[in-house]
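Chains A and B are the protein sequences, given in the same order.
The opening residue of the first sequence carries number 2 in my numbering; numbering runs sequentially from there.
The opening residue of the second sequence carries number 2 in my numbering; numbering runs sequentially from there.
Take a look at the structure set out below.
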Amino acid sequence: MQTVQTNYFQLFGLPEQFEIDTQSLEVNFRKIQSASHPDRFVSATADERLQSMQMATTANEAYSMLKNPATRAKYLLELQGINAIADTNTAMPMNFLMQQMEWREQLEDAKAAKDIPALEQLMTELQAESKSIQADLAKLFDTKKDYPSATDAARKLIFIDKVCADIHQAIEQLE
Amino acid sequence: MALLQISEPGMSAAPHQHRLAVGIDLGTTNSLVATVRSSMSTVLQDDHGHSLLPSVVRYMPNGDVVVGHEAQAQQSTDPVNTIVSVKRFMGRSLNDITDKAHIPYRFVDGKDAEATRTLQIQTRAGLKTPVEISAEILKTLKARAEKSLGGELVGAVITVPAYFDDAQRQATKDAARIAGINVLRLLNEPTAAAVAYGLDNAAEGTFVIYDLGGGTFDVSILRLSKGVFEVLATNGDSALGGDDFDHRIYCWVLDKVRESSTNFAPLSEEDTRLLLTKARQAKEWLTDNFEAQIVCRLSNGTLVDVALTAPQLVEITQHLVTKTLTPTRKAMRDANLSIEVIDGVVLVGGATRMPHLRHAVQDYFKQEPLTNLDPDKVVALGAAIQANMLAGNKNDDDLLLLDVTPLSLGLETMGGLVEKVIHRNSTLPIARAQEFTTYKDGQTAMSIHVVQGERELVSDCRSLARFELRGIPPMAAGAARIRVTFTVDADGLLSVSAREQSTGIESHIAVKPSYGLSEDEITDMLKASFNSAEIDKKARMLAEARVSAGAIISSVTAALTVDGNLISDAEKQLIESEIQRLQLLTATEDATAIHNAVDALNHATEAFAAARMNASVSRALSGKNLEDIHL
């Protein structure tokens, strides 16, 4: 399974940084899929089919990892040998912890009140927060190369992603 | 017209040969088969000029099996032995069927005590599984195609509802196997429709495919760009379709009849089928008319004579229309899109002819839906295009389909909770691994329960398989590291493997035996479906071994010519000597030895295949394509 060790940025021919050219990512993803997708190897040998399956799988995994800012940040840290979601990495600034609890409470209240507009409002708020953290991350990773601070910011982003997923699910269950 | 040359299935044909491949839409109400001829996708007709084959199978008193219009004509007189809408039962157990009382079949639960076993139907030809009944429909379509095309099929693409779960997909593939069809790919119906629509209209942009068939509802959102069809999200309801509208009308008629007659006896199986047929006809009539008259005489002499108006139909079925909008909203949210960015909404499936349904779709998307392709045929036409490409025929449109898994896949953890391993709407193929650990000290086995669905509790999801990983060395609780890998292939089928990391003890399962048919059952059905004289197992095995030997020799030889420079001379010589050995063995009668030599050659080319794949990806990335620069 040598393809699994591939550096995802190299796979797509992109520089290893937080700010990425999403169009190049998309175009190169499609090129790799065009060359490796199992549909291209239906009557090939077992080996070639296996290679195709592995490459197409890796490309899908890599694409979804780099497309999403939170997982992209997490992956960039992994390349630096930092596990952003390790249990030891629990320190969060006090004000973010407070903010976190507030969002959770809002989510639970809106869920209990079956208030879909409130949930959507909260989602918008979180997305705005996410945008501003992404701007920070671009500076921390690409200019300052300040990985400890990037780890903190990435953890915030991962947390916001999680709350968004929960809001998403709450709306779905209310409908 | 010159005779077309047909190679044996699985054999790689010379480049100029056209390989016969078809797309099959195995529908709830009707089924179709289409193929690409002279670069045009065309639906194949039967001798009477019918394109649609009613998905109706009748087991005759003389032992024959009749499929299609002839069977449909007898459904009210012989309802118990005439199976309609069998697709609703694919990959299902008796527990899954909620409206048993209104279906005129004699259901029998699967053999095993476990309630998850696939259901069976008692007919005069014996117990039949939905897989076998579907295989009869597929056999008829295969025969139609081979007659019309004048040769044996290399394979077929068979469409399934996007929202079909693993058990339903596997059941469809099993049915094809029993019908003697080589499945090139299972393709999601809305994706097939998108291919037909997109290529026909040179469409680019973001499209919604709203597909309401006889028994299933799918909605898919796709991005179409330069021949790439990328599914962004899919959702649906695999138990909602045109049949439910018929059923509503049927219930409404019964209520009317009960109002006017004081002692109304329960309906016979014949009457149930008759009234359901009348209900369907009324629904179709109301597409273009204001009022439908439902008239028939029941077996007890009661005369049914009621009128149903279009507004009444809207009233009694509006909740079903609304029910399709919930999955639609979910798909839009999963794709993270708002309705303003949708470039078009394509309607698929006969049920989308209903005016009130069209209005509801139009109201939701704030644009008029696209209906310029026949909603009954578009799925088969799209499947044929993919089949043509997969069979290796030269294609003007270099298309690539990137589909997704419709439902999340996970494992049961402590407390009956689901840990999702693969999330819905992940692009296929996909592999994901998750590590688990032991709960008790000295625990040596772990029970792995694979489920599919979105809910948090195992009991709310569909159970796909259970298997055990044994032989874990006794360790303290939490010390073992068990890595469970889920793999979903391009057909949307799941396989799961588990491995204890420190010892390497491994267990693997194609998710199948605990749901659906076992390998033995399929073999029995296969045997039963061939005439005993026709099949000499040994001869067939030898023929198959030779075909696969021929295929691998020609493909490896071709690869060496093109990419031989990617490996060292020593590696090259090793491969060449394996080819020679295999060539010599092909002349013998020893199927096992040929198989082993094929495996050996496969093994010898592993590194070469990997090097070729990497080279081909690098070529794809560095290839300067002017169009792509502007994208």
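By construction, the Cβ of each residue, glycine as well, lies at the ideal position given by its N, Cα and C atoms.
Given the structure is predicted, the values throughout are model-derived calculations rather than measurements.
Where residue i sits in the DSSP three-state scheme
{"i": "His-51/B", "result": "coil"}
{"i": "Ala-61/B", "result": "Looking at the sequence shown, residue 61/B is not Ala but Met. Coil at Met-61/B, not helix or strand."}
{"i": "Cys-165/A", "result": "helix"}
{"i": "His-19/B", "result": "coil"}
{"i": "Ala-481/B", "result": "coil"}
{"i": "Asn-29/A", "result": "helix"}
{"i": "Phe-230/B", "result": "strand"}
{"i": "Lys-421/B", "result": "strand"}
{"i": "Lys-129/B", "result": "strand"}
{"i": "His-38/A", "result": "coil"}
{"i": "Glu-455/B", "result": "coil"}
Inter-residue spacing [alpha-carbon to alpha-carbon] between residue i and residue j
{"i": "Ala-594/B", "j": "Arg-582/B", "result": "10 Å"}
{"i": "Thr-72/A", "j": "Ile-159/A", "result": "7 Å"}
{"i": "Gly-199/B", "j": "Asp-137/A", "result": "41 Å"}
{"i": "Ala-116/B", "j": "Asp-167/B", "result": "Any reading at Ala-116/B needs caution, since the residue's pLDDT is 41, under 50, leaving its predicted position unreliable; the model's value is listed next. When rounded, the distance between both Cα atoms is 17 Å."}
{"i": "Leu-123/A", "j": "Ala-166/A", "result": "12 Å"}
{"i": "Met-2/B", "j": "Ser-149/B", "result": "Note on Met-2/B: pLDDT 38, under 50, position unreliable in the model; no value is reported."}
{"i": "Ala-45/A", "j": "Val-557/B", "result": "9 Å"}
{"i": "Gln-123/B", "j": "Met-91/B", "result": "16 Å"}
{"i": "Glu-535/B", "j": "Ile-179/B", "result": "Residue placement at Glu-535/B is poorly supported in this model, since its pLDDT is 48, which falls under 50; the coordinates still yield a value, given next. Each residue's alpha carbon lies about 15 Å from the other."}
{"i": "Ala-546/B", "j": "Asp-344/B", "result": "50 Å"}
{"i": "Val-548/B", "j": "Leu-585/B", "result": "14 Å"}
{"i": "Val-305/B", "j": "Leu-299/B", "result": "7 Å"}
{"i": "Phe-13/A", "j": "Ala-63/A", "result": "9 Å"}
{"i": "Val-232/B", "j": "Asp-65/B", "result": "43 Å"}
{"i": "Lys-101/B", "j": "Phe-108/B", "result": "8 Å"}
{"i": "Glu-420/B", "j": "Ser-460/B", "result": "13 Å"}
{"i": "Glu-413/B", "j": "Asn-63/B", "result": "49 Å"}
{"i": "Ala-234/B", "j": "Asn-597/B", "result": "43 Å"}
{"i": "Ile-177/A", "j": "Ser-131/A", "result": "The structure shown does not extend to residue 177/A, since chain A spans only 2 to 176, so no value can be given for it."}
{"i": "Thr-329/B", "j": "Pro-407/B", "result": "13 Å"}
{"i": "Asp-335/B", "j": "Leu-418/B", "result": "23 Å"}
{"i": "Ile-98/B", "j": "Glu-577/B", "result": "57 Å"}
{"i": "Glu-121/A", "j": "Ile-168/A", "result": "8 Å"}
{"i": "Glu-190/B", "j": "Val-229/B", "result": "17 Å"}
{"i": "Ala-144/B", "j": "Leu-154/B", "result": "10 Å"}
Cβ of residue i within 9 Å of any chain E Cβ
{"i": "Gln-171/B", "result": "Although the question refers to chain E, the structure presented lacks it and instead comprises the protein chains A and B."}
Contact with chain B by residue i, beta-carbon distance below 9 Å
{"i": "Lys-163/A", "result": "no"}
{"i": "Tyr-64/A", "result": "yes"}
{"i": "Lys-32/A", "result": "yes"}
{"i": "Ile-21/A", "result": "no"}
{"i": "Ile-172/A", "result": "yes"}
{"i": "Phe-97/A", "result": "no"}
{"i": "Asn-8/A", "result": "no"}
{"i": "Leu-123/A", "result": "no"}
{"i": "Ala-129/A", "result": "no"}
{"i": "Ala-57/A", "result": "yes"}
{"i": "Asn-84/A", "result": "no"}
Residue interval of the beta strand (DSSP E) (run including residue i)
{"i": "Leu-495/B", "result": "495 to 501"}
{"i": "Cys-297/B", "result": "292 to 298"}
{"i": "Arg-433/B", "result": "431 to 437"}
{"i": "Leu-304/B", "result": "304 to 310"}
{"i": "Met-56/A", "result": "Careful: Met-56/A lies outside any beta strand (DSSP E), inside the alpha helix (DSSP H) at 47 to 68."}
{"i": "Ile-210/B", "result": "206 to 213"}
{"i": "Val-468/B", "result": "According to the sequence displayed, residue 468/B carries Phe and not Val. It spans 463 to 470 - the beta strand (DSSP E) in which Phe-468/B sits, taken as one unbroken run."}
{"i": "Arg-38/B", "result": "31 to 38"}
{"i": "Glu-413/B", "result": "410 to 414"}
heavy atom of the ligand SAH below 8 Å from residue i C-beta
{"i": "Thr-78/B", "result": "Of the ligands one can find in the structure shown there are none, so the ligand SAH has no counterpart to examine."}
Interface flag, residue i vs chain A, CB-CB below 9 Å
{"i": "Met-333/B", "result": "no"}
{"i": "Asn-566/B", "result": "no"}
{"i": "Arg-547/B", "result": "no"}
{"i": "Asp-490/B", "result": "yes"}
In the region 103 to 121 of chain A, which residues sit with their C-beta less than 7 Å from some C-beta in chain B, listed in chain order?
none
Got a sec: which bits of the region 376 to 397 of chain B sit with their beta carbon under 9 Å from any beta carbon on chain A, in order along the chain?
Gln-387, Met-390, Leu-391, Ala-392 and Gly-393
Taking only beta carbons into account, state which residues of the region 611 to 622 of chain B come closer than 8 Å to chain A, listed in chain order.
Ala-611, Arg-613, Met-614, Asn-615, Ser-617, Val-618, Arg-620, Ala-621 and Leu-622
Members of the region 29 to 54 of chain A that neighbour chain B once the beta carbon cut-off is set at 8 Å
Asn-29, Arg-31, Lys-32, Ile-33, Gln-34, Ser-35, Ala-36, Ser-37, His-38, Pro-39, Asp-40, Val-43, Ser-44, Ala-45, Thr-46, Ala-47, Asp-48, Glu-49, Leu-51, Gln-52, Ser-53 and Met-54
Residues from the region 425 to 442 of chain B in contact with chain A, defined by Cβ distance under 9 Å
Ser-427, Thr-428, Leu-429, Pro-430, Ile-431, Ala-432 and Arg-433
Would you list, in chain order, the members of the region 594 to 611 of chain B that have their beta-carbon closer than 7 Å to a beta-carbon of chain A?
Asn-603, Thr-606, Glu-607, Ala-610 and Ala-611
Using Cβ-Cβ distances below 7 Å, what residues of the region 324 to 349 of chain B are close to chain A?
Thr-327, Arg-330, Lys-331 and Arg-334
Relative to chain A, which residues along the region 23 to 47 of chain B have a C-beta separation below 9 Å, given in chain order?
none
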